[in-house]
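Each residue of the sequence shown is one higher than the one before, starting from 3 at the first, in our numbering.
Where a beta carbon is used, it is the ideal one built from N, C-alpha and C, also for glycine.
Note that the structure is a prediction, hence the values are computed from the model and not measured.
Below: the structure, in structure tokens.
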Amino acid sequence: MTENTATAGSITGRYVTAIDHVGIAVPDFDAAVQWHRDHLGLVLAHEEVNEEQGVREGMLSPAGTAFGTDTAIQILAPLNDDCAIAKFIARSGPGLQQLAYRVTDVEALSAELRQAGVRLLYDAPRHGTADSRINFIHPKDGGGVLIELVEPAAAAH
Ligand code: V0V
Numbered sequence: 003m004t005e006n007t008a009t010a011g012s013i014t015g016r017y018v019t020a021i022d023h024v025g026i027a028v029p030d031f032d033a034a035v036q037w038h039r040d041h042l043g044l045v046l047a048h049e050e051v052n053e054e055q056g057v058r059e060g061m062l063s064p065a066g067t068a069f070g071t072d073t074a075i076q077i078l079a080p081l082n083d084d085c086a087i088a089k090f091i092a093r094s095g096p097g098l099q100q101l102a103y104r105v106t107d108v109e110a111l112s113a114e115l116r117q118a119g120v121r122l123l124y125d126a127p128r129h130g131t132a133d134s135r136i137n138f139i140h141p142k143d144g145g146g147v148l149i150e151l152v153e154p155a156a157a158a159h
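Shown next as structure tokens:
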């Protein structure tokens, strides 16, 4: 019998509850939403503009799934040339930009990660989708992946 290495006491076992979303950087928000609807039947469950992050963003999922509960695809379009998404597209082209984990306590997990030598992008959580609180692990410390940590708003639990 193989032993489960994510035992009680490990960071992951205590904080991460699900893959919240996968983020795709796109130049044209409406075109990307329409493509996913027409080719995959995904529906736009939530949309907002986040001025601080410089993005127009939308959460897409298969019809019948629940936003905030099931895993979503996040469409991220830049609002200006200086934001993270614009820089990503300029360097790498459109495509997968981030993997986001849903967590129970973004501050506590960030503190434990910092203690373990992992670089977080922000000293304190910032405003994310649907009033969530978010932080990011630097891609150089995330195995080449920009990892977002998402603590949903209390009302979403
Ligand atoms: C950069 N690198 C990446 C990457 N972005 N690697 C994987 N995935 C990405 N998304 C690599 C890049 O190729 C460099 O590798 C290295 O990291 C350092 O890059 P840099 O020159 O510092 O690049 P910048 O200036 O573009 O900054 C990268 C970071 C930036 C990750 C610091 O994108 C950032 O602050 N991201 C967090 C905010 C964000 O992504 N907001 C948009 C989503 P080499 O060349 O040195 O090997 S907002 C959102 O998700 C919301 C609101 C939500 O979910 O609620």
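Buried versus exposed, by CB contacts within 10 Å (16 or more), residue 90: buried
Limits of the alpha helix (DSSP H) - the one that residue 111 falls within: 108-117
Any non-hydrogen atom of ligand 1 within 7 Å of residue 112 CB: no
Three-state secondary structure assigned by DSSP to residue 151: strand
Beta-carbon proximity check, residue 41 vs residue 61, cutoff 8 Å: no
Ligand 1 heavy atom lying under 7 Å from the CB of residue 141: yes
Supposed close pair residue 100, residue 25 - CB separation, criterion 8 Å: 4 Å
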